[in-house]
Each structure stands twice: as structure tokens, then as C-alpha cells.
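Engineer:
Protein chains in written order, with UniProt numbering: chain A, 1 to 421; chain B, 1 to 421; chain C, 1 to 421.
1) From 31(C), 109(C), 127(C) and 152(C), pick the residue whose C-alpha is nearest to that of residue 59(C); which is it?
2) Check whether the Cβ atoms of residue 297(B) and residue 253(B) sit closer than 8 Å, and answer yes or no.
3) Could you tell me whether the segment 322–333 of chain C touches the segment 264–278 of chain B, using the rule of 3 or more Cβ pairs below 8 Å?
4) Within its chain, find whatever has a CB closer than 6 Å to the CB of residue 197(B); leave out the 5 residues flanking it on each side and keep chain order.
5) Which chain C residues are close to residue 355(A), counting only those with a beta carbon under 7 Å from its beta carbon?
6) Going by DSSP, which residues form a beta bridge with residue 171(B)?
7) Using the Cα positions of residue 188(C) and residue 333(C), report the straight-line distance between them to the nearest angstrom.
8) Give me the subset of the segment 339–363 of chain C whose CB atoms are less than 7 Å from a CB atom of chain B, sorted by chain position.
9) Below 7 Å, is the gap between the Cβ of residue 380(C) and the nearest heavy atom of the ligand SAH?
10) If we ignore side chains and look at the alpha-carbon of each, how far apart do residue 104(A) and residue 80(A) end up?
11) Of all the CB atoms in chain B, is at least one closer than 8 Å to the CB of residue 292(A)?
12) Under 8 Å by Cβ, that's how I've got residue 235(A) and residue 19(A) pegged, so tell me the actual separation to the nearest angstrom.
13) Just to confirm, is the Cβ distance from residue 352(A) to residue 290(C) under 8 Å?
14) What are the partner residues of residue 251(A), as DSSP defines its beta bridges?
15) What residues from chain B crowd round residue 121(A), counting only those whose CB sits closer than 7 Å?
16) For residue 355(B), which three-state DSSP category applies?
17) Residue 142(C) CB to nearest chain A CB: under 8 Å?
18) Smallest Cα separation from residue 374(A): which of 400(A), 278(A) and 82(A)?
19) Take residue 385(B) and list the residues in its own chain whose beta-carbon comes closer than 6 Å to its own, dropping the five residues that flank it on each side.
20) Among 336(B), 322(B) and 379(B), whose alpha-carbon lies nearest the alpha-carbon of residue 350(B)?
21) Indicate the three-state DSSP secondary structure (helix, strand or coil) for residue 329(A) in the structure shown.
22) Following the continuous beta strand (DSSP E) through residue 20(B), name the residue where it begins and the one where it ends.
23) Taking DSSP's pairing of strands, which residues face residue 59(B) in a bridge?
24) Between the C-alpha atoms of residue 99(A) and residue 56(A), what's the straight-line distance to the nearest angstrom?
25) Under DSSP, the alpha helix (DSSP H) around residue 93(B) begins and ends at which residues?
26) Let me check understanding here. Comparing Cα to Cα, which of 237(A), 68(A) and 243(A) lies closest to residue 278(A)?
27) Could you please tell me which residues of the segment 286–318 of chain A, in chain order, have their CB closer than 7 Å to any CB of chain B?
28) Once you ignore the five residues that flank residue 366(A) on each side, which residues in its own chain have a CB closer than 8 Å to its CB?
29) Any idea what DSSP makes of residue 203(B), helix, strand or coil?
30) Determine the extent of the beta strand (DSSP E) in which residue 74(C) is found, giving its start and end residues.
31) Need the endpoints of the alpha helix (DSSP H) that residue 33(C) sits in, please.
32) Pair every Cβ in the segment 153–162 of chain B with every Cβ in the segment 205–212 of chain B, then say whether three or more of these pairs are closer than 8 Å.
33) Got a sec? Which residues, its chain only, sit under 8 Å from residue 128(B) by beta carbon, not counting five neighbours each side?
34) What are the partner residues of residue 64(C), as DSSP defines its beta bridges?
35) Quick check on the burial criterion: 16 or more other C-beta atoms within 10 angstroms. Buried or exposed for residue 8(A)?
36) Would you please state the rounded distance, in angstroms, between the beta carbons of residue 172(C) and residue 124(C)? I believe it to be under 8 Å.
Below is the structure:
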């Protein structure tokens, strides 16, 4: 399991790669993830029909620049892959600065930052550049070159499965289509890797499926190829923006009252956080929660989608994410999954009057513990509300007791034959 | 469609007529309304059983006064029809002031105003007079005369129908039984006339039925005669007190969550207003919402029933109502009906993952519009929540978007084959 | 029906008896209650299986003391029965103070008070003593004697039934197992006695069953012996801590929305009070509300269970409870049961439009009453909401009218043939 520092190192290692929704940048990323996790890598050919979409041509890029008359690169892909609009078609022309301007994207409000832009489905080309750099360009002719290819190939995504006691699944999904952006979503990838490693060390109840996929088209491709199995996905989290220094935000599933929604609210209760209702924009929860699937999948971020100035700019670099923030995101997910794992509905097998706990040693066994009072109350609450309708989380929230105390009580009562699942 | 000024002129023209729950005052009123709207006038004979009630005898009055010994009229029906208690039986007597006092109604708190009183179902007679006038009457004998008739005849009401695409109906109901009271309910009649004219210029989805009926017994008569068709009434508004300078009050239907209740809350949101829960007193929503019918009919007023000092007094005169207030009431109803007309439930025909809007031109077509972002969000919301359960109004409120944006998005998606009703 | 002063006198008379969950103290208590109420006393033999429990051996005690070397009793059961741990096994030994200390229970925070302790199901013995007294004991040997017996016998409880028009029952349950503690629960017993007397003077609708039983094992025994009839218990209150000077607390049944929960909230509305959600600890509501039975039984106390420093100490003596507080508890229960008795669901037999009340004399009959307006509104509310779903209490709360006005209106409407149950 990666430490905060190791997660940060992984972010730094992945940072220079030029990812997009297809192409070698994704493959290289998955190869590095694969050094940490056994990864099943899928290649889905261009032209494959996936739900309402078609897998596009594969895009690869080797070099790109704008050079002045002297040949000096004034905008250089080698300095940052953000300089090229994603999916730019090849170009090799000379044009005046005036002509070039129509192809340049800047952020006038943050003149030293380079924006991130793409154009996946309308063939075009362009460059992204700091406003300051643009302002300093003298008039004149410029040589514009993008050495890219758009060709039949495939879309690439990776899966890692941590098998559980049951085939019911929890999915954790990360997008892997953004180039040099650290928080969005290299931090998410790093936290997912560490989380998967940690779960593999346990024997979890649920099967956990980690998905490393390009945004939108990747999730749509996965859903299309797994449509007949998708009902085994009982819970899930889309993980993104996992490393900035803001507090955590959980965005509910479209259902709003899915188990994962309840669990996340419970574990976030004691730290600064925000809960948002579902909205049909953001990350791949859009696809998992589309009304035909309507899965119990929410989204965990720190500062959410488009909520920070550095979002989709060159300022979202490795310095923008911190080891501590990634550890906090990881801890929160671990705690949430620990609740999810134990959050069952039980039935009290002795529901007429209170069962006599003393004769079963359920008082004695607790007598010497400092938390005996809490443990005893937890048993009474579990007995009182285990009617097959209330989950342990329901009971914990109703009782105002820690989930762990309630789950431990349930376990003791089950061992004593007073409770069954 | 009447302007504010024209509505006010209609109030002034109707004001002098002596209306009651039956009689020629109602017929004259309907005749004037009929100059603006094609009106079907119904006459229902005295003695007709209507639900739990019986159509009463018809009341007509030609003259009434209290005259002093010199023959001077100290209280004169010709000055104001409010001076006679509605449904007063004929009388022609001379009596002392002391004897007369028991027949006189005043408003001691507003000594210059004449109150409005009726006694429909217990035969009696009486006069209403300003406290100031009463106080100035010298002792002595007075000649009391009411030249009225109570005789078999009929109850009169009018209907105007604006046909729609569907036979499902929206009713707009006004009481026409009050004599010289402007806000209660000549302003309501004037707003209803203008609204009906405006709807007739459109081809509405729903059929709109405007009812001009005496309060209580009129609504009961209409319900009795239309009991077998009443289930086509899907929505409705009882319109009263439509012209005073107070802000709008919407009283919910007994259901509390009828479509009209939701729609009125939505359109009132952005102006000063009050929403009240249903109560079984007020105007004819009492009858439409009686538990056997329980229609989705609320009531729109400005200052509500009994909520202003001028209520049921001579101070509720044409000066008490304003053209601007009537226009505001009219606008609000128009806006509400525009929402009601478009507020459907749709089903997303491509519910598995997001449909690719770009390939259908649903992005391009918006590119040049300044509200493109809102329009695009609206499409995502409509797709996400169009599961046959959420109405467009539900979606607009959930999304925090204007209803119009959501309805326009639904239309575009329907044209694109992504949505069906 | 006992006055406040008579209830207090009953508390004082019962106070010296040494009650426990079995034994002669309970029998003597029931004998005194039986002087006020016809009481059916049940004896259930040791060893009887009752639900998950077994009726224990019967405990009786004649004397107990700790005496110093001179024979002076330094702790004396004859001074207060609280001095002996309930269910103490017999002992007759001489031991050092050091050895003795392990058998002594004190309240260091309240050094002049004697705590109340029991050990029903683990055989042991002990004494309870004021910290001040303990501190004053010199080193030395002490003669320790408890002249008790634990032997096969029986568990004793009493029932008093006030027959009603229907066999549906309301239970009022008091625990009778506490020795010299006044508020917990002699005040509850006294209030129950007075309440039963008062109900017997009426001919109530429901059958009222008063239960005077040892806590936990008594309720479990009663439930075991009445399991097949328990579904006739429609409502109930566990009554305890009924006499302290604090305000009233109502603890809801496990259902949370049982009729009794609604009624108690309604009658407490106008006085200082607290409503608590159900929790699976407290008094015998724990048993009545165990999930297998899940009865509509709440608990009424003044300051609740464990909520006052005097709780389970010698300071809970007759001076701690007041006649006025017991009268207030009694009044509240009487008011609540009066609501419960009349809280039916009716059906409007003339639900299409408003029925004409005038022709049935329902206006006239009210004309001379000062509360005519309220009575008339109440009739309209009852007619409007009597659809078989809304109870009179629902209607009273919705209308903001006193329950009595609504119940009276319902009665008038029923007599007029407009309403049926």
C-alpha cells in the first residue's frame, strides 16, 4: 500500500505522459499502474459501437510547435503537452501571427497559465499558450507544426479486480485521459492504486473492481461491454481531484439514498466536507447514473469539478497536490468501505421481549472493558432494530453510536445465536 | 385581450348592478361578460335538487328605502345596493327608530362604511348603513319599504370554453353573486375575461372552461349537473379578489401537491407572495375540493378572503382595485398556465449512458447562442430525469433552471428522437 | 379518585416496604393497592420459562446489619432497606474493615446519600452506605449479617381491568420492584391507582388494563402469559417517575407514530415538556416495544430515567415527590386518554360539495353560543377531511383547533347523519 509520499511520487512519474481518450499515453499510464497492480488491459477497436457512441480513431502525437522565422520554438509540445489541443489533426504550415491567433487558446485572467483544451469529435487543431507568452510574440510569420496521427486503432482501458466473498461488486472508477494535470486525475489514480493494494491484503466481503478508463467514452465502452453484468455493481465511487488541499466533497448517486450515499455521509460527518446532490455533469458518475443504469455510484473529490482556478490549467501540477490530502482521501474511502462491508440487515431471532444477555455471558464478557456501557447499549439497539429493515448503519445513526460499536455488537449477538443475517 | 385600463373599466361598468345568488343582476352581469366572450348561459329552475342543496327561489329587487316622517330617504337602495340585506323579503311598514335598529347593520369600527350582509336561507329583511348615518338619525317613526320579490324562477350561471388539443380541462371559476363590491369579485371577473380572450388567441393544449357562477350554490349546481364529466377537470383556479394592491396569495388545493399547486408555487417564487394550505372555507374551492370531488383546484387572490378591512364593505369600490394589480394577476395566471401546458413527463429513449448529443447537432445548433451553456445543461437534466416519473417542472426545480429552458430542451430532444412523451 | 394529597399519603405508606422483583414486599404493596382497586394478583412459580427468561428464586429478607466489635449496628437494614444490595445471599461473618470495603457501595459525589444496588442474576451480597458513614468507620473487625432467603417460590404481579365498550385495550404499566424509592416508582403507582379509579367512574370506550409488575422480568412474564392476547393492546403508557417537580417527558413507542405518540404530543403541546424518540433502555417499554411485539406503548415520566441526581438513591424519598406534580401527571394522562377515546376516523357521507348545514339546524343550534364560529369551522374541517384516512386528531392539528371542538363537531355531524365511523 502506497504511502502519501509514494502516491505523490506516482503522480510525478505519470505527469509528463501525454494522455488522451485513446493512444499510447493511456497505454504507458496503464503500464505504470500495472507495476503496482495486476491489470487487465482492454483494447477496443476504432469503429466499435458502444451504446449510443462509436469508438473514435486513435490519436497519437510525437511533436508539435510554433516556431518563429528564426526557427525558435515559441510554443513547444516538448515543454508541456498541454500546449496542443487534444486530438489536433496534423498541420504543417506557415502563417501570420494574425492568422495564428484564431488557433491559440489562452487564459487572460491567469496570464501565466496554459489552459487545457480538446476537440475529440470535431476535427480541428490548435495550441494553448500563456497569455503572457502570446502578448510577447512579435508580428511576423510562424511555422506551425503538429506531428500527430488520427487513425484506426483502439481505445484502451484497464481493470483490476480484488475478489471478495461475494460476487456483488463495488467499483472505483478513475479517468486516465487527461495529460499533464495532477489533481485531475493523477491523484485519483494514485489513491485508487493504494486503495486496491490495501483491499487485496484483506479478504473483503464485496468484490472490488477498479476501473482506469478514459472519461465518458471509456465509461460508455465499459458499460456497453458489461451491460449484462452491470447489475452486480451494488455500490461505487468515481474518484477524481483526490489530491488538492481543499476539504472533501461527496456527490450523491442519482438515487440519492443509495447505500454508498448513506455511508459516505456517515463517514464524512466528523470532518469538514460537503455533500452535493446528483447533477448530470461532472465525471463518469454521469454514465453510471444514467437513468437506464441508475447505479448506486457517487463521486468523491476534494475540491470538486471546475471548483478551483487551477482546474484544467497548467497550474494543476504536482505541487498542487499534497501527500497528506491524498492520504486523507484514501483514509476516507477505506473507512467508508469498512462500513459498507459490515453494513448488513439482521433479524433478531429472539424478538419477543429482550433476550437475557447475562445468561449468554454477553454482560460478563464486557464487564472489564472501559467501553462496556457503549457495547451494551449497542447490543440493545441492534436487538431492538434488527427487524430486517434497518441496516446497522441505520441503527448506528438512530442510536448516535459509532458504526464500529454497532457492528461489533451485531457480531457478538450473531455468535450468541441471537441474530441472523 | 383587455388591458389593465379596460379591465378596470369593466369593473366600473359592472359595479352598480345588484347581483345576488339569483336574479336579474346576475343575468345583466353575464350579458355584459357576453359582450367580450361567447357565453353559454344556463338557467336552473327553483326547486332543482343539486347535490345536498336545492335551488332557491329567485330574488329580485326594484327599490328599497327607509324614509323619515317628511318622506326623505335616509337610507336609499338607489344610492347603493349594499343598503339592503341580500334576499330581504318584501316589507312596507312604519316603525319607531328603536324598532328599526334591530334591522340595521353597521360597522362601528369603520363608521362611514356600509357593510354587506345577506340572508339567503332564512327569510328575513334588513338594511345596512353607515354608523355615522345611523347615529345622526333622530328618534321618530320611519317608513320602511323593500320592493323585492322572492318567487320561483331560476339560478343563472355562464360558461365559456376555450377548446384545446385535449379534452382534459382547466377550470377558472369566478363568483358573480356579490353586488357593488369591486375586488370581491368584479376584478376576478375582469381578469378572467381577459385571460379567456388571450387563451382563445392561442391553440392551447388543455381545454379551458371559464365559469361565472354564484358562490356556493352556483358551484354546487354546476358540480351536480356535471358530476359525470368532472374527472376531465385536471386543474383549476378559483379566482377572486384579483385587483387590490396587496401581493398575491395562492391557496393550495386540498390535495396540496396537485400539479396546479406545484406550478403556482413555481411561478410565484420570484415575486412577493404567500402560499397557504387548503382550508375548508373561502371561495368555491370549498366545493371543488370537497372530499368526494377532491379536484386539483386551488385559489388565487391578491389579499385573501376576509384579509383586508374593506372586505365586504362599501369601501371595496372601484378605487380599491387598480389596473396594475389586475394586470399582475393576469400575467401570473398566464405564466402559470404556460407552465401547466408544457409540463409533461417524458421518457429518455437512450437511457443507457449519455446519448451523444454532438452527432445530432444538439451542441452545434447551440454554439452561437449566449444561453448555450444553460440550454446544454437543461438537455442533460432532462435526459437524466426523464424516466416517466419526473415532470419537466420537477426537473426545472431540481436543476435550478428556468422552466422555459427545460421545456425547450425537452422539445429539442424530442425532435432529435431522444425523448418521447 | 385520589387527590394529590392522598396520592402522596399512599407513597408514604408504601415507602418503607422492602420490594424486589419477587418476595413479600411486592405482595404487601399489591395488598395496599388492592385496598383502592380490585386487583387480580398472579403468582408465577420459580423456574417457569417466560420468553427467553426463567422466573428466578424468590428473595426475602428479615434483617441485615454491619455491627462493630461492640455490637453497635453501623449499617442497619431496619433504618433503610436500601442498605442491602437487592437479592443479597445470606451471610453471617466477621471481617476486617478492609475486607468489608469490597462489599460496600457508596456515592462519593453525594456523600450523605445511600445508593440503590441490586444483583438479581449473579449470587452475591453487599451493603450500600453513605460515604460519610463509611469514612467515619474505624479500623477493626465487623460482624456482617444478612438474614435473607433465596428459595423456590414465585413472582408476583397484579392486574386491574376497567372494562370498556370494546375489548381493545389501553395498558398502563408500573414497576413495583423498587424498595424505598419514592419517585421511582411509588409516585407512578399512586397516579395509576387514581387514574384507574377515575376511569372506572366513566364507561370508557377502550378497556383499560393496569399492570403492577416487577420491572423487566415482570413485564416479560406478563407478555409470556398473554402472548396470544397481546394484539388487543392498541395503546399503552409505561408510567414512572411520576412525582418529581420537573416537567413532563414523553418517550415515544418504538413505532414513533403510534396513536399514543400522536396523542401525547398533542396534549403536551401547551405545557413545558420534552418528547424523546424511543430508545431500547429505560422502563418496561423496552419489553412492550421489543420488535416481536412492537406495541404502541410509550412512557410518561416527569424527569426521565437516570435524569436526576436523586435517581436510585436514598434522596428519592417522599419529600422528593409533590402532590401537585402527581396531580399534573394524572391530569395529563386523563386528558390524553380523553383524546384517545374520541380519536376516531370518520367518513363524510355527503362528500360531494358541502352539505347544507343550515337545513339540518347545525347553524341555528350554534347561533347562541359564544364559540359558534369555532364550532362551525370545526364542522367544515371534519367534513373536509373525514375520508377514512384522517383521524380527528389529524384534523384538529391540521385545522389548528382544539381536539374537543373537533370531536364535538364530529358528534353533531354523526347525529345529523352526515358522518359515520
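Yeah, the Cβ is synthetic: ideal placement off N, Cα and C, and Gly gets one too.
Structural biologist: By the coordinates alone:
1) Closest option to residue 59(C), Cα to Cα, is 152(C).
2) Contact annotation: residue 297(B) and residue 253(B) have beta-carbon atoms nearer than 8 Å.
3) Contact between the segment 322–333 of chain C and the segment 264–278 of chain B is absent, because fewer than three Cβ pairs lie under 8 Å.
4) Counting only Cβ-Cβ distances below 6 Å, and skipping sequence neighbours, we find 1.
5) The contacting residues are 52.
6) In the DSSP assignment, the residues bridged to residue 171(B) are 209(B) and 236(B).
7) Computed Cα separation, rounded: 12 Å.
8) Under the 7 Å Cβ criterion, the segment 339–363 of chain C contributes 348, 350, 351, 352, 353, 354, 355, 356 and 358.
9) Annotation note on the ligand SAH: not contained in the displayed structure, which lists no ligands.
10) C-alpha separation (whole angstroms): 15 Å.
11) Using a Cβ-Cβ cut-off of 8 Å, residue 292(A) counts as an interface residue toward chain B, since at least one Cβ of chain B sits closer than that to its own.
12) Taking the Cβ atoms as the reference, residue 235(A) lies roughly 27 Å from residue 19(A), outside the contact range of under 8 Å.
13) The beta carbons of residue 352(A) and residue 290(C) sit closer together than 8 Å.
14) When beta bridges are read from the DSSP output, residue 251(A) appears opposite 276(A) and 299(A).
15) By Cβ distance, chain B contributes 358.
16) Coil.
17) Chain A contact via Cβ: absent.
18) Relative to residue 374(A), the option among 400(A), 278(A) and 82(A) whose CA is nearest is 400(A).
19) Cβ neighbours of residue 385(B) beyond the five flanking positions: 395.
20) Answer by Cα proximity: 379(B).
21) Reduced to three states, the DSSP call for residue 329(A) is helix.
22) Where residue 20(B) is concerned, there is no enclosing beta strand (DSSP E), because DSSP gives it neither an H nor an E.
23) Per DSSP, 150(B).
24) Rounded to whole angstroms, residue 99(A) and residue 56(A) show a C-alpha spacing of 29 Å.
25) Per DSSP, residue 93(B) lies in no alpha helix (DSSP H); the unbroken beta strand (DSSP E) holding it starts and ends at 91–96.
26) Of the candidates 237(A), 68(A) and 243(A), the residue whose Cα lies closest to the Cα of residue 278(A) is 237(A).
27) Hits within the stretch, in order: 286, 287, 290, 291, 292 and 293.
28) Here the model assigns residue 366(A) a pLDDT of 37, short of 50, so the residue's position is not dependable, and the following value carries that caveat. Answer for residue 366(A): 372, 375 and 376, listed in chain order.
29) Under the three-state reduction of DSSP, residue 203(B) is assigned to coil, being neither helix nor strand.
30) Judged by DSSP secondary structure, residue 74(C) falls within the beta strand (DSSP E) whose first and last residues are 73–76.
31) DSSP places residue 33(C) in the uninterrupted alpha helix (DSSP H) bounded by 24–34.
32) These segments touch.
33) For residue 128(B), same chain residues with a beta-carbon under 8 Å away, outside a window of 5 residues either side, are 82, 83, 84, 85, 104, 105, 106, 114, 115, 116 and 117 in chain order.
34) Its beta-bridge partners are 146(C).
35) Its Cβ being crowded by 16 or more others within 10 Å, residue 8(A) is buried.
36) A Cβ-Cβ distance of about 34 Å is found for the pair residue 172(C) and residue 124(C), leaving them out of contact under the 8 Å criterion.
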